[in-house]
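Here is the structure we will look at, set down as structure tokens.
Residue numbers (the UniProt record's numbering): 1 to 231.
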């Protein structure tokens, strides 16, 4: 299948590239699209945009969409409402987000989209789990915590490697091959933090977000975290 990756105007740190890589590995022809009208040359469109920009990208694409088009996004906190103009144009719309190796969160509105997503996930070597409605917010927050857990685990691995240097047991704690989730956009992180009633948890969330931002050179997230940490 011919797959096009369409970026928004702003940089997006979602899982779209992970999905695109997986589809290419599965044998699909994947390429970047420079303009919305270029979707005429592909069968499936993977939207690489931040949650705040999904609706704008959908409006750009809608005039060029055909009933046989498949349009997916990979933003964990977003439902399918931003893609509604494309669904009205006849396109099959859905969401595909990697969770763990072998498990993908999907969302769909009809049986056709369900079948398409389940077939894609099968090609990607995993199982599909429907996550829709309010649970999308919990999914986004969970993936942020998973990213922070990855960073903490890597730090623990480094310290154990020093402590067990020269021991055969040192290799037991390797995290090689672990999936690292991209750090979410600032508005998404702010929503996730705002939903935490436990102030201690919110404070830890902010500190870990800042640490992850330093590693990823995400200066926007780092600045946001610094502002949140101010008394």
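Backbone N, C-alpha and C define an ideal beta-carbon position, used for all residues, glycine too.
Considering only the alpha carbon of each residue, which of 50, 123 and 190 lies closest to residue 9?
Locating residue 9 in the chain shown gives position 9, counting from the first residue. Considering only alpha carbons, the answer is 50.
Whose CA, out of 154, 101 and 159, lies closest to the CA of residue 212?
By one-based count along the chain shown, residue 212 stands at place 212. Among 154, 101 and 159, the Cα nearest to that of residue 212 belongs to 154.
Could you tell me the boundaries of the alpha helix (DSSP H) in which residue 161 lies?
In the chain shown, the residue the question calls residue 161 occupies position 161. Taken as a continuous stretch (DSSP letters only), the alpha helix (DSSP H) holding residue 161 covers 135 to 163.
Roughly how many angstroms separate the alpha carbons of residue 133 and residue 192, rounded to a whole number?
As a first step, residue 133 is located in the chain shown; it is residue number 133 there, counting from the start. As a first step, residue 192 is located in the chain shown; it is residue number 192 there, counting from the start. C-alpha separation (whole angstroms): 15 Å.
Label residue 77 either buried or exposed according to how many other C-beta atoms from any shown protein chain fall within 10 Å of its C-beta, with 16 as the threshold for buried.
By one-based count along the chain shown, residue 77 stands at place 77. That one is buried.
What residue ranges within the region 22 to 96 form continuous alpha helix (DSSP H) runs of no fewer than 4 residues, ordered along the chain?
Counting only runs of 4 or more, we get 54 to 61 and 84 to 88.
Run through DSSP, which three-state label would residue 214 get?
As a working mapping, residue 214 is identified with position 214 in the chain shown. Note: residue 214 maps to helix in three-state DSSP.
Any contact of the region 151 to 165 with the region 53 to 60, i.e. 3+ C-beta pairs under 8 Å?
no
For residue 62, which of 164, 32, 93 and 48 has the nearest alpha-carbon?
Here residue 62 refers to the residue found at position 62 when the chain shown is read from its first residue. The residue with the shortest Cα to Cα distance from residue 62 is 93.
Suppose you measure from the CA of residue 121 to the CA of residue 203; what does that come to, to the nearest Å?
Here the question's residue 121 lines up with position 121 in the chain shown. Here the question's residue 203 lines up with position 203 in the chain shown. Spanning the two alpha carbons is a distance of roughly 36 Å.
Since residue 3 is in the alpha helix (DSSP H), which residue starts that stretch and which ends it?
As a first step, residue 3 is located in the chain shown; it is residue number 3 there, counting from the start. Segment 2 to 7 is the beta strand (DSSP E) holding residue 3; no alpha helix (DSSP H) there.
Find the nearest neighbour of residue 88 within the set 99, 101, 75 and 70, judged by alpha-carbon distance.
Against the chain shown, residue 88 aligns to sequence position 88. Residue 88 has its Cα closest to that of 70, out of 99, 101, 75 and 70.
In the DSSP output, which residue or residues are listed as bridge partners for residue 205?
What you label residue 205 is simply residue 205 of the chain shown in a count that begins at 1. According to DSSP, which records beta bridges pairwise, residue 205 is partnered with nothing at all.
Once DSSP output is grouped into helix, strand and coil, what is the label at residue 184?
Position 184 of the chain shown holds residue 184. In the structure shown, residue 184 sits in coil (DSSP, three-state: anything other than H, G, I, E or B).
Exposed or buried, which one is residue 22 when buried takes at least 16 other CB atoms within 10 Å?
Stepping through the chain shown from its first residue, residue 22 is reached at position 22. So residue 22 counts as buried.
Could you check which residue in 197, 198 and 221 has the C-alpha nearest to that of residue 208?
Locating residue 208 in the chain shown gives position 208, counting from the first residue. Closest option to residue 208, Cα to Cα, is 221.
Using the Cβ count rule (16 or more neighbours within 10 Å means buried), how would you classify residue 41?
Taking the chain shown and counting its residues from 1, one reaches residue 41 at position 41. Its Cβ having fewer than 16 others within 10 Å, residue 41 is exposed.
With contact counted as at least three CB pairs below 8 Å, one residue from each stretch, are the region 130 to 147 and the region 158 to 166 in contact?
By the Cβ rule, the region 130 to 147 does not count as touching the region 158 to 166, because fewer than three pairs are nearer than 8 Å.
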